[in-house]
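Here is the structure we will look at, set down as C-alpha cells.
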Amino acid sequence: MSSTRPLITIDWGTSSLRGARLGASGQVLESREFPRGILTVPPGQFEAVFHELFGDWMQASGALCLISGMAGSRQGWQEAPYCPCPAGFTELGQHLLWLQPGRIALVPGLSCLGTDALNTPDVMRGEEVQIFGALQMAGRDNATLVLPGTHSKWVQVQGGRVTDFQTFMTGEVFALMSQQSILGKTLDLSGAFDEAAFLQGVNQSQQAGSVLHHLFAVRTLGLFERLSATQLPSYLSGLLIGEELRTQTINTDSGAVILVGSNTLTQRYSLALQHLGIACQSHGAEATWAGLFALASAC
579 MSSTRPLITI DWGTSSLRGA RLGASGQVLE SREFPRGILT VPPGQFEAVF HELFGDWMQA
639 SGALCLISGM AGSRQGWQEA PYCPCPAGFT ELGQHLLWLQ PGRIALVPGL SCLGTDALNT
699 PDVMRGEEVQ IFGALQMAGR DNATLVLPGT HSKWVQVQGG RVTDFQTFMT GEVFALMSQQ
759 SILGKTLDLS GAFDEAAFLQ GVNQSQQAGS VLHHLFAVRT LGLFERLSAT QLPSYLSGLL
819 IGEELRTQTI NTDSGAVILV GSNTLTQRYS LALQHLGIAC QSHGAEATWA GLFALASAC
C-alpha cells in the first residue's frame, strides 16, 4: 500500500463496532465507536450501516479499508473463509476477501488443527490482527501470546507466523458459574477485586484434583466462611485463569509472554503469571490498529 493512501481500519465485533482513520506512520488520526455489532445489523444491511457510519471517511481519494472481526463470519457482512495456520502477513494478505476490489476487504481470521486424536479444529476472528499488531509493537518474531476474553486464546508464533493456538471458554464459564449456577447463590459480584482471594484461586488450580471439584469448593468455602461472598468472585476468577495456565507449557526462551486485551483482564492474567514466576508484558486496544496498519502495508 502506498504510504500516502488514506487507510480506514474497522474492528466489527459481535456487540460493538469501532473504527480508526490512520496516518502515514500508523498513528490514529480519528476514531469512532458504536454499539452496532453484527447481531444488531439485519441481513443485507451491512453495507448500508458501514456507509452510514464511515462513508465520509471513504470519500477520501484512494481510501483503503480493512475490516477485521465477526463481519467476516457466517452471520456477518460476507463470510471470509479462515486462513489456515501457519500464517503470517503474507498468508493473511492472500486470503483477504475483497468486497470492493482494491478498496474494501474483510480480514479472514485463522484456523488450525489440534494434535489430539480428532485433530480438533480451532478458529479465531479479529484476534489475528491484535496478535500481529502486538508483535510489531514489541519488535518480536517469536512469542507466546495470550488474548483474554470471553473465549481466551493462547497463541504460538515462530518466525512472525502463527503456528498454533488454543481457545479456552474461561470468561464464559466464569459468567455461567457466577450467574446461572448454584455458585451464584453464594457469591456477591458487587464487591471490589480481591487480589489475595484471586491468588488463592490461582494456587488451588495448580493442586492435584479435578477443576470440577475445585469449582464446587467455591460454594463450600463460602458456606464454611473461609471466604466472604464478596471474595468468592475473585477466587473463582483466579481458579479459572489458573486452570488455563496449568494446561500450558510456556517457553520463556523467546521472551516474556505477551498479553493483549482490556486492562481489567490483562492485569489479572499478569498477576497470575507473575505469581507463578512467568514474565509478561501487556498491550491494549491499540494492537488492533497496529496490526491492520501492518497488514495494509504488506498488501
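Residue numbers 579 to 877, in the numbering used here, belong to the letters of the sequence shown in order. Using N, Cα and C, we set each Cβ at its ideal position, and we do this for glycine too.
The segment 751-771 contacting the segment 790-807, beta-carbon criterion three pairs below 8 Å: Remark: three or more beta-carbon pairs, one from each stretch, lie closer than 8 Å, so the segment 751-771 and the segment 790-807 are flagged as touching.
If you draw a straight line from the C-alpha of Ala638 to the C-alpha of Arg681, how long is it? The count along the sequence shown starts at 1 and reaches residue 638 at position 60. The count along the sequence shown starts at 1 and reaches residue 681 at position 103. In a straight line, the C-alpha of Ala638 is about 11 Å away from that of Arg681.
Leaving out the 5 sequence neighbours to the left and right, which residues in its chain are closer than 7 Å to Val627 when beta-carbon positions are compared? Taking the sequence shown and counting its residues from 1, one reaches residue 627 at position 49. Taken in chain order, the residues that qualify are Arg614, Val619.
Taking the continuous beta strand (DSSP E) assigned at Met702, which residues delimit it? The residue given as residue 702 occupies position 124 in the sequence shown. It spans 699-702 - the beta strand (DSSP E) in which Met702 sits, taken as one unbroken run.
Three-pair Cβ contact test at 8 Å for the segment 828-842 versus the segment 665-684: Proximity of the segment 828-842 to the segment 665-684 falls short of the contact definition, fewer than three beta-carbon pairs being nearer than 8 Å.
In chain order, each beta strand (DSSP E) run of at least 3 residues that lies wholly inside the segment 587-635: Fully enclosed beta strand (DSSP E) runs of 3 or longer: 595-600, 606-612.
Nearest-angstrom beta carbon gap, Gln736 and Asn720 [assumed within contact, 8 Å]: As a first step, residue 720 is located in the sequence shown; it is residue number 142 there, counting from the start. As a first step, residue 736 is located in the sequence shown; it is residue number 158 there, counting from the start. Sure, about 5 Å apart at Cβ, within 8 Å.
With respect to the beta strand (DSSP E) encompassing Ile645, which residues constitute its N-terminal and C-terminal limits? In the sequence shown, counting from the first residue as 1, residue 645 sits at position 67. Counting along the chain, the unbroken beta strand (DSSP E) around Ile645 starts and ends at 642-647.
I'd like to know whether the C-beta atoms of Leu642 and Ile586 end up nearer to each other than 9 Å. Residue 642 sits at position 64 when you count from the first residue of the sequence shown. Residue 586 sits at position 8 when you count from the first residue of the sequence shown. For the 9 Å CB-CB criterion, Leu642 and Ile586 form a contact.
For Ile828, name the three-state secondary structure that DSSP assigns. Numbered from its first residue, the sequence shown carries residue 828 at position 250. Ile828 falls in the coil class under three-state DSSP.
Tell me the start and end of each unbroken alpha helix (DSSP H) in the segment 645-691 that is at least 4 residues and wholly inside, in chain order. Secondary structure within the segment 645-691: the alpha helix (DSSP H) runs of 4 or more consecutive residues, fully enclosed, are 667-672 (chain order).
State the Cα-Cα distance for the pair Leu805 and Ala774, rounded to the nearest angstrom. The residue you call residue 805 lines up with position 227 of the sequence shown. The residue you call residue 774 lines up with position 196 of the sequence shown. Near 11 Å, if we compare the C-alpha coordinates of Ala774 and Leu805.
What residue range does the beta strand (DSSP E) around Thr745 cover? Counting from 1 along the sequence shown, the entry for residue 745 is found at position 167. In the DSSP assignment, Thr745 falls within the unbroken beta strand (DSSP E) covering 739-746.
Going by C-alpha distance, which of Leu674, Asp694, Ala695 is nearest Val685? Position 107 of the sequence shown holds residue 685. For Val685, the closest C-alpha among the options Leu674, Asp694, Ala695 is that of Leu674.
Pick out whichever of Gly633, Thr748, Leu790, Leu843 has its Cα sitting closest to the Cα of Ala598. For the purposes of this step, residue 598 is taken as the residue at position 20 of the sequence shown. Ranking Gly633, Thr748, Leu790, Leu843 by Cα distance to Ala598 puts Gly633 first.
What did DSSP end up calling Gln736 once you bin it into helix, strand or coil? Translated into the one-based positions of the sequence shown, residue 736 becomes position 158. Judged by DSSP in its simplified three-state form, Gln736 adopts strand.
Where does the unbroken beta strand (DSSP E) through Thr798 begin, and where does it stop? Locating residue 798 in the sequence shown gives position 220, counting from the first residue. Annotation: Thr798 is outside any beta strand (DSSP E); the continuous alpha helix (DSSP H) that includes it extends over 789-801.
Measuring straight from C-alpha to C-alpha, what distance separates Leu688 and Ser783? Translated into the one-based positions of the sequence shown, residue 688 becomes position 110. Translated into the one-based positions of the sequence shown, residue 783 becomes position 205. Leu688 and Ser783: Cα-Cα distance of roughly 30 Å.
Going by alpha carbons, who is nearest to Gln757 out of Gly654, Pro811, Asp742? Residue numbering aside, residue 757 sits at position 179 when the sequence shown is read from its first letter. Measuring from the Cα of Gln757, the nearest candidate turns out to be Pro811.
Sheet register partners of His861 (DSSP bridge): In the sequence shown, the residue the question calls residue 861 occupies position 283. Answer is Val838.
Distance between Ile616 and Asp589 (C-alpha atoms, nearest Å): The residue labelled residue 589 in the question sits at position 11 within the sequence shown. The residue labelled residue 616 in the question sits at position 38 within the sequence shown. Taking the straight line from one Cα to the other gives about 11 Å.
Starting from Leu725 and walking both ways along the alpha helix (DSSP H), at which residues does that stretch end? Locating residue 725 in the sequence shown gives position 147, where the first residue counts as 1. Counting along the chain, no alpha helix (DSSP H) covers Leu725; the unbroken beta strand (DSSP E) around it starts and ends at 721-725.
Tell me the rounded alpha-carbon separation between Met636 and Gln653. Looking up residue 636 in the sequence shown gives position 58. Looking up residue 653 in the sequence shown gives position 75. Each residue's Cα considered, the two are about 24 Å apart.
Sort Glu864, Phe746, Tyr813, Ser815 by Cα distance to Gln826 and report the nearest one. Residue mapping note: residue 826 aligns to position 248 of the sequence shown, counting from 1. Comparing alpha-carbon positions, the option among Glu864, Phe746, Tyr813, Ser815 lying closest to Gln826 turns out to be Phe746.
Does the segment 724-744 come within contact of the segment 693-713, defined as at least 3 CB pairs closer than 8 Å? Verdict: yes, contact present.
Who are the near neighbours of Ser815 in its chain, counting only those whose CB is closer than 7 Å to its CB and skipping five residues on each side? Residue numbering aside, residue 815 sits at position 237 when the sequence shown is read from its first letter. When the five nearest sequence neighbours on each side are left out, the beta carbons in the same chain lying within less than 7 Å of the beta carbon of Ser815 are those of Phe752, Phe776, Gly779, Arg846, in order along the chain.
Answer yes or no: do Phe612 and Leu600 have a C-beta to C-beta separation smaller than 9 Å? Here the question's residue 612 lines up with position 34 in the sequence shown. Here the question's residue 600 lines up with position 22 in the sequence shown. No.
Quickly, what does DSSP pair Leu761 with across the bridge? List them, please. Locating residue 761 in the sequence shown gives position 183, where the first residue counts as 1. Paired residue(s): none; Leu761 is not in a bridge.
Apart from the five residues on each side of it in sequence, which residues of its chain come closer than 6 Å, Cβ to Cβ, to Val789? Position 211 of the sequence shown, counted from the start, is the residue given in the question as residue 789. Excluding positions up to five away in sequence, the list reads Glu821.
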